[in-house]
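> Each residue of the sequence shown is one higher than the one before, starting from 489 at the first, in this note's numbering.
First, the structure itself, so that you have it in front of you.
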Amino acid sequence: MAHKKGVGSSRNGRDSNPKYLGVKIYGGESVEPGNIILRQRGTQFHPGAGVGCGRDYTLFALTEGKVQFSVKGPKKRRTISVVSA
């Protein structure tokens, strides 16, 4: 018989930091160049006119105007564009 008590190891005790993804500026709201419109993992939304895409797929405004969400093309891609107000 073992005279040492068995030491259990917990497999819990980890939690990742929140990533704060999602839409930051909604349709119809006005933006300036550089404003972040959406944070995402992969291209759930595609950049349209006046919108740039960062290395981490963040969509941001390139021009001043209002944000417009739309569905385009045969693949029904969701795009975000900035139209002049």
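Yeah, the Cβ is synthetic: ideal placement off N, Cα and C, and Gly gets one too.
(1) Rounded to the nearest angstrom, what separates isoleucine 516 and serine 504 at their Cα positions?
(2) Just verifying my parser: in three-state terms, what is the DSSP assignment at leucine 509?
(3) Suppose you measure from the CA of proline 535 to the CA of arginine 499; what does that come to, to the nearest Å?
(4) At which residue ranges does the segment 527 to 561 contain complete beta strand (DSSP E) runs of 3 or more residues, listed in the order of the chain?
(5) Provide the residue span of the beta strand (DSSP E) that contains serine 569, from first to last.
(6) Mark valine 519 as exposed unless 16 or more other C-beta atoms lie within 10 angstroms of its C-beta, in which case mark it buried.
(7) Give the secondary structure of serine 518 by DSSP, where H, G and I count as helix, E and B as strand, and everything else as coil.
Reading it off the structure:
(1) The residue asked about is misnamed: residue 516 is glycine in this sequence, not isoleucine. Distance between the alpha carbons of glycine 516 and serine 504 is about 33 Å.
(2) coil
(3) 41 Å
(4) 539 to 541, 547 to 549, 553 to 560
(5) 565 to 571
(6) buried
(7) strand
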